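Our numbering puts the first residue of the sequence shown at 1125, with every later residue one more than the last. The beta-carbon is built from N, C-alpha and C at its ideal position, and this holds for glycine as well. In this text, all values refer to a predicted model and were calculated from it rather than measured experimentally.
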Amino acid sequence: LATFDIYGLERSSHGNITCDVTQGDPYNGSFAITNPGTLRLTGVKAETIQTPEGCDVKLDVATTIDGGQSAELRYTITGSKPTAKNDWEKIIVKVTTAEGATLEQTLYYYCRSPKAQLVVSESNIKTTMTKGKERQYVLFVTNYGRGATGDITLSLPDWMKSATGTTLPSLAQNDTATV
């Protein structure tokens, strides 16, 4: 009966890793990586292979991991530009070893403004109108920033009216108002 050893790396836990960053503030986090084999892994290195625009990532990991042991991969993320959309962006980290074992891990990143940041569900409405007829559109205004907005004033042309009025109450982070 023959035996053999296989080199490998795996993340010690499961589930998504989310990094909800405030613009300009360093965000620190970590996750454990495990050497599931019996042999020592050497020359362990971590690098980012995909990073959103305006996102700086610093990585730190031990250079060796003994068989059956784990090591923390620590990261510091600094965002210089708020995320433009309301979807999380991906940071992909690749860990390699001198023995050829590799692991790719996705970090889900969102950078928020330290101030209020309003996003409207429809930034452009293209439609036709019939003179003398009323048309209704529902819009959602969401604050994706960290700060509260204060009262929000809608500025509309004279020929347009808002069913909700022209002043909306203050929105906290992730709050949405319907217009």
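Item to check | One or two residues paired with R1135 in a DSSP bridge | outcome: I1157
Item to check | Close beta carbons around A1186, own chain, < 7 Å, minus the five adjacent residues each side | outcome: V1168 and A1195
Item to check | Cβ pair K1214, E1228 closer than 8 Å | outcome: Not in contact: K1214 and E1228 (Cβ atoms no closer than 8 Å).
Item to check | Own chain, CB closer than 7 Å to T1095, minus 5 neighbours either side, in chain order | outcome: Missing from the structure shown is residue 1095; the chain here goes from 1125 to 1303 and no further.
Checklist entry - Where does I1141 sit, in a helix, a strand or coil, going by DSSP? => result strand
Item to check | Contact under 8 Å by Cβ, S1294 with T1273 | outcome: Against a cut-off of 8 Å, the Cβ pair of T1273 and S1294 comes out as a contact.
Checklist entry - Should the region 1259–1272 be regarded as contacting the region 1170–1180, the criterion being three or more beta carbon pairs within less than 8 Å? => result no
Checklist entry - Once you ignore the five residues that flank I1203 on each side, which residues in its own chain have a CB closer than 7 Å to its CB? => result Checking the sequence shown, residue 1203 turns out to be Gly, not Ile. V1145, Q1147, G1178, C1179 and C1235.
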